[in-house]
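Each residue of the sequence shown is one higher than the one before, counting from 1079 in my numbering.
By construction, the Cβ of each residue, glycine as well, lies at the ideal position given by its N, Cα and C atoms.
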Amino acid sequence: MNKKFLLFGLVAMVGFVTLTAFGGKTKEQQLKEIQDAVTAKLETYRAELTTACDARVATEAEKRFQEVLAARAAEAGLKPAAAKPGGKKVTAPKGPTAPVKPTAPTNTGTSRPGATQRDVTPTPVERPGATNKSTAPAPVARPGAKQREGGN
1079 MNKKFLLFGL VAMVGFVTLT AFGGKTKEQQ LKEIQDAVTA KLETYRAELT
1129 TACDARVATE AEKRFQEVLA ARAAEAGLKP AAAKPGGKKV TAPKGPTAPV
1179 KPTAPTNTGT SRPGATQRDV TPTPVERPGA TNKSTAPAPV ARPGAKQREG
1229 GN
(Lines of atoms letter the chains of each structure in order from A and count residues from 1; the text may use other names and numbers.)
(Lines give C-alpha, C1' and ligand atoms only; values in the text may rest on other atoms or scores of the structure.)
Protein backbone atom coordinates (compact mmCIF):
# COMPACT_ATOMS: atom_id res chain seq x y z
CA MET A 1 0.00 0.00 0.00
CA ASN A 2 2.85 2.38 0.80
CA LYS A 3 4.39 1.67 -2.57
CA LYS A 4 1.16 2.72 -4.29
CA PHE A 5 1.01 5.98 -2.34
CA LEU A 6 4.65 6.73 -3.02
CA LEU A 7 4.28 5.95 -6.74
CA PHE A 8 1.08 8.02 -6.98
CA GLY A 9 2.75 10.91 -5.12
CA LEU A 10 5.81 10.73 -7.37
CA VAL A 11 3.67 10.74 -10.55
CA ALA A 12 1.61 13.65 -9.21
CA MET A 13 4.73 15.62 -8.35
CA VAL A 14 6.32 14.99 -11.76
CA GLY A 15 3.08 16.02 -13.49
CA PHE A 16 2.80 19.15 -11.36
CA VAL A 17 6.41 20.15 -12.06
CA THR A 18 5.98 19.46 -15.79
CA LEU A 19 2.82 21.55 -16.05
CA THR A 20 4.13 24.46 -13.99
CA ALA A 21 7.57 24.53 -15.59
CA PHE A 22 6.14 25.72 -18.92
CA GLY A 23 3.39 27.84 -17.43
CA GLY A 24 0.72 25.71 -19.04
CA LYS A 25 1.50 27.19 -22.45
CA THR A 26 2.22 25.47 -25.70
CA LYS A 27 5.40 26.03 -27.67
CA GLU A 28 3.54 28.18 -30.22
CA GLN A 29 2.22 30.43 -27.44
CA GLN A 30 5.70 30.78 -25.96
CA LEU A 31 7.23 31.61 -29.37
CA LYS A 32 4.51 34.20 -29.99
CA GLU A 33 5.22 35.86 -26.62
CA ILE A 34 8.94 35.92 -27.39
CA GLN A 35 8.29 37.41 -30.82
CA ASP A 36 5.98 40.05 -29.33
CA ALA A 37 8.61 41.00 -26.74
CA VAL A 38 11.32 41.26 -29.42
CA THR A 39 9.04 43.36 -31.63
CA ALA A 40 8.29 45.72 -28.74
CA LYS A 41 12.01 46.12 -27.99
CA LEU A 42 12.75 46.81 -31.65
CA GLU A 43 9.98 49.42 -31.83
CA THR A 44 11.35 51.28 -28.81
CA TYR A 45 14.89 51.11 -30.21
CA ARG A 46 13.67 52.35 -33.60
CA ALA A 47 11.82 55.23 -31.89
CA GLU A 48 14.99 56.17 -29.96
CA LEU A 49 17.08 56.14 -33.13
CA THR A 50 14.48 58.17 -35.04
CA THR A 51 14.37 60.77 -32.27
CA ALA A 52 18.17 61.00 -32.18
CA CYS A 53 18.34 61.27 -35.98
CA ASP A 54 15.67 63.98 -36.04
CA ALA A 55 17.60 65.94 -33.41
CA ARG A 56 20.83 65.68 -35.42
CA VAL A 57 19.04 66.76 -38.61
CA ALA A 58 17.40 69.70 -36.85
CA THR A 59 20.75 70.79 -35.39
CA GLU A 60 22.48 70.57 -38.77
CA ALA A 61 19.61 72.40 -40.49
CA GLU A 62 19.74 75.20 -37.93
CA LYS A 63 23.52 75.45 -38.35
CA ARG A 64 23.24 75.69 -42.15
CA PHE A 65 20.41 78.19 -41.83
CA GLN A 66 22.57 80.40 -39.64
CA GLU A 67 25.41 80.09 -42.17
CA VAL A 68 23.08 81.17 -44.98
CA LEU A 69 21.84 84.12 -42.91
CA ALA A 70 25.42 85.14 -42.16
CA ALA A 71 26.35 84.89 -45.84
CA ARG A 72 23.35 86.97 -46.88
CA ALA A 73 24.14 89.54 -44.22
CA ALA A 74 27.75 89.68 -45.41
CA GLU A 75 26.56 90.23 -48.98
CA ALA A 76 24.30 93.03 -47.86
CA GLY A 77 27.12 94.60 -45.82
CA LEU A 78 25.47 94.04 -42.45
CA LYS A 79 26.85 92.40 -39.36
CA PRO A 80 25.88 88.72 -38.97
CA ALA A 81 23.06 87.98 -36.58
CA ALA A 82 24.16 87.73 -32.96
CA ALA A 83 22.54 85.70 -30.21
CA LYS A 84 21.02 87.43 -27.20
CA PRO A 85 21.77 86.06 -23.73
CA GLY A 86 18.10 85.11 -23.37
CA GLY A 87 18.43 82.54 -26.17
CA LYS A 88 16.53 84.57 -28.76
CA LYS A 89 18.34 85.34 -31.97
CA VAL A 90 18.61 88.76 -33.54
CA THR A 91 18.40 88.68 -37.31
CA ALA A 92 19.41 91.26 -39.83
CA PRO A 93 16.56 93.36 -41.22
CA LYS A 94 15.13 91.95 -44.39
CA GLY A 95 15.36 93.81 -47.64
CA PRO A 96 12.45 94.39 -49.98
CA THR A 97 10.59 91.22 -50.78
CA ALA A 98 8.99 90.18 -54.02
CA PRO A 99 5.39 91.31 -54.39
CA VAL A 100 2.84 88.66 -53.59
CA LYS A 101 0.86 87.49 -56.58
CA PRO A 102 -2.89 87.47 -56.08
CA THR A 103 -4.38 84.03 -55.92
CA ALA A 104 -6.81 82.80 -58.53
CA PRO A 105 -10.45 83.55 -57.68
CA THR A 106 -12.48 80.64 -56.45
CA ASN A 107 -15.12 79.07 -58.62
CA THR A 108 -18.24 81.08 -57.72
CA GLY A 109 -19.92 81.09 -61.14
CA THR A 110 -21.52 77.68 -60.88
CA SER A 111 -25.18 77.31 -60.18
CA ARG A 112 -25.02 73.97 -58.39
CA PRO A 113 -22.53 72.55 -55.89
CA GLY A 114 -19.88 70.29 -57.36
CA ALA A 115 -20.19 71.73 -60.87
CA THR A 116 -16.98 72.62 -62.66
CA GLN A 117 -16.26 75.32 -65.17
CA ARG A 118 -14.88 74.00 -68.42
CA ASP A 119 -13.26 77.24 -69.61
CA VAL A 120 -11.08 77.79 -66.52
CA THR A 121 -7.50 76.60 -66.96
CA PRO A 122 -4.90 76.74 -64.21
CA THR A 123 -2.15 79.28 -64.63
CA PRO A 124 1.38 77.87 -64.68
CA VAL A 125 3.56 78.69 -61.70
CA GLU A 126 6.76 80.51 -62.55
CA ARG A 127 9.78 79.33 -60.57
CA PRO A 128 13.02 81.29 -60.31
CA GLY A 129 15.86 79.55 -62.08
CA ALA A 130 13.62 77.33 -64.21
CA THR A 131 14.29 77.33 -67.93
CA ASN A 132 11.57 78.37 -70.30
CA LYS A 133 11.10 75.51 -72.73
CA SER A 134 10.10 77.85 -75.56
CA THR A 135 13.41 79.75 -75.31
CA ALA A 136 15.69 76.76 -74.65
CA PRO A 137 18.38 76.41 -77.31
CA ALA A 138 18.00 73.61 -79.82
CA PRO A 139 20.51 70.75 -79.55
CA VAL A 140 23.54 71.27 -81.72
CA ALA A 141 24.80 68.44 -83.92
CA ARG A 142 28.36 67.38 -83.16
CA PRO A 143 30.79 67.50 -86.05
CA GLY A 144 31.55 64.03 -87.36
CA ALA A 145 28.59 62.41 -85.61
CA LYS A 146 26.56 59.93 -87.59
CA GLN A 147 22.93 60.80 -88.08
CA ARG A 148 20.63 57.89 -87.28
CA GLU A 149 16.97 57.45 -87.80
CA GLY A 150 14.59 55.88 -85.33
CA GLY A 151 15.28 57.91 -82.22
CA ASN A 152 17.16 56.32 -79.37
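Could you give the distance in angstroms between the alpha-carbon of residue i and the alpha-carbon of residue j?
i	j	result
Arg1142	Ala1130	18 Å
Ile1112	Leu1120	12 Å
Pro1206	Glu1140	24 Å
Leu1147	Val1203	27 Å
Ala1115	Ala1154	58 Å
Thr1104	Thr1117	20 Å
Ala1136	Lys1110	38 Å
Met1091	Gln1107	24 Å
Ala1133	Glu1145	18 Å
Met1079	Gly1093	21 Å
Glu1138	Thr1128	15 Å
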